[in-house]
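Visitor:
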Amino acid sequence: MHFLDVLKERGFVQDISDENEIRKLKPPACFYVGFDPTAPSLQIGNLVPLIASIHLAQAGLAPLILFGGSTGAIGDPSGKNEERKLLPREVLDQNIERQVAQTKRLFEQFDLKPQFVNNLDWTKDVSVLDFLRDVGKFVTVNYMLGKEVVKNRVEAGGLSFTEFSYMLLQAFDFVHLYQNFNCVLQIG
């Protein structure tokens, strides 16, 4: 059975950008799932994408687990009515260390060895000007304003530029992972 059918059968699939292209993926195609280190421990909400990742890895796809050292420093605006409290770098680093250990233990139960990355590694030296020219130029404000998470936050009282930029950092992550790890699929 194709890995996508397994995920669908188990209720893991909600949205797919291009099902035909996903069905063409063959091992060892790389996929990634990302987590922001906003808490000392992984949370119950992280379990669904982790289990989906285990299914994909068991099907032979190469798992890449991204921890958001940069995105976590900004805070994901989705699911929140107000801006998240910004955490100090030391706290984010400690949270990443703990969450990597937790994720390793989970994958070891299935004899799987994912690769771990931290998006701070490729974003920390990018200047604001370079980021705006190399990433921001390709995304329209209208597109971003059309996103449900942005609409909800604007209606609830506003969204800071920091949080508004979150999806640009996510896009930058995907491009980096594609160019450097041949990663072709994001889950979560």
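The sequence shown: position 103 = 1563 (the working numbering), numbered continuously. Think of the CB as a built atom: it goes at the ideal place given N, C-alpha and C, for glycine as much as any other residue. Please read all numbers here as calculations on a predicted model, not as lab measurements.
(1) With three or more C-beta pairs closer than 8 Å as the rule, is the region 1529 to 1542 touching the region 1489 to 1508?
(2) Is the Cβ-Cβ distance between S1625 and E1543 less than 8 Å?
(3) In the structure shown, what three-state DSSP assignment does Q1646 receive?
(4) With a threshold of 7 Å on Cβ separation, who are the neighbours of H1462 within its own chain once the five nearest residues in sequence on each side are excluded?
(5) Could you compute how far the alpha carbon of L1507 sits from the alpha carbon of G1596?
(6) Could you tell me the alpha carbon to alpha carbon distance between G1539 and V1614, rounded to whole angstroms?
(7) With F1632 and T1583 assumed to form a contact (beta carbons below 8 Å), what rounded beta-carbon distance in angstroms separates them?
(8) Distance check for E1623 and D1590, CA to CA, integer angstroms please.
(9) For L1521, which of helix, strand or coil comes out of DSSP?
(10) I need the boundaries of the alpha helix (DSSP H) containing Q1575, first residue and last residue.
(11) Using DSSP with H/G/I as helix, E/B as strand and the rest coil, what is F1463?
Guide: On the basis of the data shown:
(1) yes
(2) In the sequence shown, counting from the first residue as 1, residue 1625 sits at position 165. In the sequence shown, counting from the first residue as 1, residue 1543 sits at position 83. It is not a contact, given that the beta carbons lie outside the stated cut-off.
(3) Translated into positions along the sequence shown, residue 1646 becomes position 186. The answer is strand: DSSP assigns Q1646 an E or B state.
(4) Working through the sequence shown from its first residue, we reach residue 1462 at position 2. The residues are R1483.
(5) On the sequence shown, residue 1507 is found 47 positions in, with the first residue counted as 1. On the sequence shown, residue 1596 is found 136 positions in, with the first residue counted as 1. Taking the straight line from one Cα to the other gives about 32 Å.
(6) The residue given as residue 1539 occupies position 79 in the sequence shown. The residue given as residue 1614 occupies position 154 in the sequence shown. Cα to Cα, the separation comes out at about 13 Å.
(7) As a working note, residue 1632 is residue 172 in the sequence shown. As a working note, residue 1583 is residue 123 in the sequence shown. Right, their Cβ atoms sit about 7 Å apart.
(8) For the purposes of this step, residue 1590 is taken as the residue at position 130 of the sequence shown. For the purposes of this step, residue 1623 is taken as the residue at position 163 of the sequence shown. So the two alpha carbons sit approximately 19 Å from each other.
(9) Working through the sequence shown from its first residue, we reach residue 1521 at position 61. If DSSP states are grouped into helix, strand and coil, L1521 belongs with coil.
(10) Reading the sequence shown from its first residue, position 115 is the one you call residue 1575. Here Q1575 belongs to no alpha helix (DSSP H); instead the beta strand (DSSP E) covers 1575 to 1578.
(11) Here residue 1463 corresponds to residue number 3 of the sequence shown, with the count starting at 1. Helix.
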